[in-house]
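Chains as they are written, first to last, in our numbering: chain L, 162 to 454; chain R, 162 to 454.
Don't be surprised by glycine CBs; every beta carbon is placed ideally from N, CA and C.
Quick caveat: nothing in here was measured; it's all calculated off a predicted structure.
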């Protein structure tokens, strides 16, 4: 099972390349390996910009995807490679949950619990506890592997979409100093205050709402441990905004606690990757500017 | 069945919107209607750039996709919307074959005949003849519908990928004056000279190779009816190049017949949409420059 104290070299087996496409002068690659944190095989994608080499390593932006996604959706749909090439940054896109025949999914066949819906938490409840350790995977396991296997520096940023926006914001808030910058597209801002979020957090973390606060952006802002500025993009025509995302709650709590927030409402945009694609260039530029400071 | 002499208004039923996403300030939309040419329902996608209106109509680039694709692959994977928005052009992406329960596919279950593999020809053989009329669909049916339904001019360009590159080149060569410009990514240049091309053309058009020449870019260049310049992008690491694409044959025939060709070999790029995405901006700019002349 999880051995967070162990050096990565001892616990992670070979990282196998399963995809490699030249793109905007760099390489869009895909890898698979056995993750000790997830007790499952996992895949991730990485874009390496032109010129990245051991002599010229580049910083990394981690992209966290939303419900139902794998490591591939962002890679195929967002068009971020052009901007990563221009700014000389790598982008890593992990999967959104553990995978495999031995990994439990939603017994009701839904899409917002279980496979593709790891919520970037460390589950404490059965039957999720053994595999659903996405928080530790993203924060502790993956970065050292990326830094060992690829020509990158240890400078990191994190961004994501929807459930992955929630992941990016909570991970950056919980780890002061670990990420130069954070941004999110249409993030779930207050899962402990929504029906869907309560269901997921309840299953993964148990019935005590106190445990949910550790994975709730609004609660973390209110707790005030880390004043990292939040860049949030939100489409005004997003069908999930009122019930699941609730950017107004984030706006309120940031105002109340003087937390720096740049919430950009985009008129007429929805929840899709067409929205992400339209503004990902601005986000990559934002992160690259701070990563290369 | 096909009634090419009829005005479009009399033969085409309602064009139903089935998708609409704001993207780079314009709109990525998807439509469905009953095509008389294909004797089937068909779907197409269109990107309308910001500012396109009845008072300010824009020219249209038609994108023809490759084997196994629908109207959606290009829309999701190529990232062309950014460039269409910048240059003020619409991009229409039709499906690659007729579709529906009544449309025959490959009896052997293959992917390079039948559904998703219309080859942009008008089939003359059974059982393909009734539905597989993609050439007439692209050339005669679709443009008047686009010009009736959307804020566009009648200025047109055509481009495509792989089988769709073959479609774009043959359609432009066969219709002097109809398209301001043409370009292709990794096109099938000489289907009548390859095993796979002969199989497809034989099934759709019959055993007489003379019929195949009408849908073969190299043969059309040799016939010399239309000197429209050809812009062709080709990745050097494309696994299909030697057996199926054969850009060297196009280079030879263009040199022999003084046909203007700009063949750009791109070192290390493969056949995927990561290749298309890397250079689609240059192609949109090329077409826009000539469309807006």
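{"query": "In whole angstroms, what separates the C-alpha of residue 304 (chain R) from that of residue 286 (chain R)?", "result": "26 angstroms"}
{"query": "Output needed for residue 357 (chain L): all residues of its chain with C-beta closer than 7 angstroms, excluding positions within five of it in sequence on either side, in chain order.", "result": "273 and 405"}
{"query": "Taking 7 angstroms as the threshold (beta carbon to beta carbon), is residue 238 (chain R) in contact with chain L?", "result": "yes"}
{"query": "Which residues bound the alpha helix (DSSP H) around residue 382 (chain L)?", "result": "378-384"}
{"query": "Pop quiz: residue 392 (chain R) and residue 335 (chain R) are said to be a contact at Cβ under 8 angstroms. What is the actual Cβ separation, rounded to whole angstroms?", "result": "Rounded, the Cβ-Cβ distance is 17 angstroms, inconsistent with contact."}
{"query": "Listed from N- to C-terminal order along the chain, which residues in the stretch 419-435 of chain L have their beta-carbon within a distance smaller than 9 angstroms of any beta-carbon of chain R?", "result": "427, 428, 429, 430, 431, 433, 434 and 435"}
{"query": "Please report how far the alpha carbon of residue 290 (chain L) lies from the alpha carbon of residue 408 (chain R), in whole angstroms.", "result": "55 angstroms"}
{"query": "For the stretch 177-190 of chain L, list every residue whose C-beta sits within 8 angstroms of some C-beta in chain R, in sequence order.", "result": "182, 183, 184, 185, 186 and 189"}
{"query": "How far does the beta strand (DSSP E) with residue 251 (chain R) in it extend, from its first residue to its last?", "result": "251-255"}
{"query": "Roughly how many angstroms lie between the CA atoms of residue 383 (chain R) and residue 375 (chain R), to the nearest whole one?", "result": "11 angstroms"}
{"query": "Is the Cβ of residue 463 (chain R) closer than 7 angstroms to any Cβ of chain L?", "result": "The question about residue 463 (chain R) has no answer, for chain R in this structure spans 162 to 454."}
{"query": "Report yes or no: is there a C-beta of chain R within less than 7 angstroms of the C-beta of residue 323 (chain L)?", "result": "no"}
{"query": "Measure from the alpha carbon of residue 451 (chain R) to the alpha carbon of each residue in R:371, R:202, R:435 and R:389, then state which is nearest.", "result": "R:389"}
{"query": "Count Cβ pairs between the stretch 236-253 of chain L and the stretch 218-227 of chain L that sit closer than 8 angstroms; are there 3 or more?", "result": "yes"}
{"query": "How would you list, in chain order, the residues of chain R whose beta-carbon sits under 7 angstroms from the beta-carbon of residue 439 (chain L)?", "result": "184 and 185"}
{"query": "For residue 302 (chain L), does the count of other Cβ atoms within 10 angstroms reach 16, so buried, or fall short, so exposed?", "result": "buried"}
{"query": "For the stretch 389-405 of chain L, which residues have a beta carbon sitting closer than 9 angstroms to at least one beta carbon of chain R?", "result": "396 and 398"}
{"query": "Considering Cα atoms alone, identify which of R:288, R:260, R:346 and R:338 is closest to residue 201 (chain R).", "result": "R:260"}
{"query": "With distances taken Cα to Cα, identify the nearest neighbour of residue 270 (chain R) among R:310, R:241, R:229 and R:385.", "result": "R:229"}
{"query": "Run through DSSP, which three-state label would residue 187 (chain L) get?", "result": "strand"}
{"query": "Assuming residue 513 (chain L) is part of the alpha helix (DSSP H), what are its boundary residues?", "result": "Look at the range of chain L in this structure, 162 to 454, and you will see that residue 513 (chain L) is not part of it."}
{"query": "Going by DSSP, what residues sit across from residue 387 (chain L) in a beta bridge?", "result": "The partner list for residue 387 (chain L) (beta bridge, DSSP) is empty, contrary to what the question assumes."}
{"query": "Runs of 4 residues minimum, wholly inside the stretch 217-247 of chain L: which ones carry the alpha helix (DSSP H) assignment?", "result": "234-238"}
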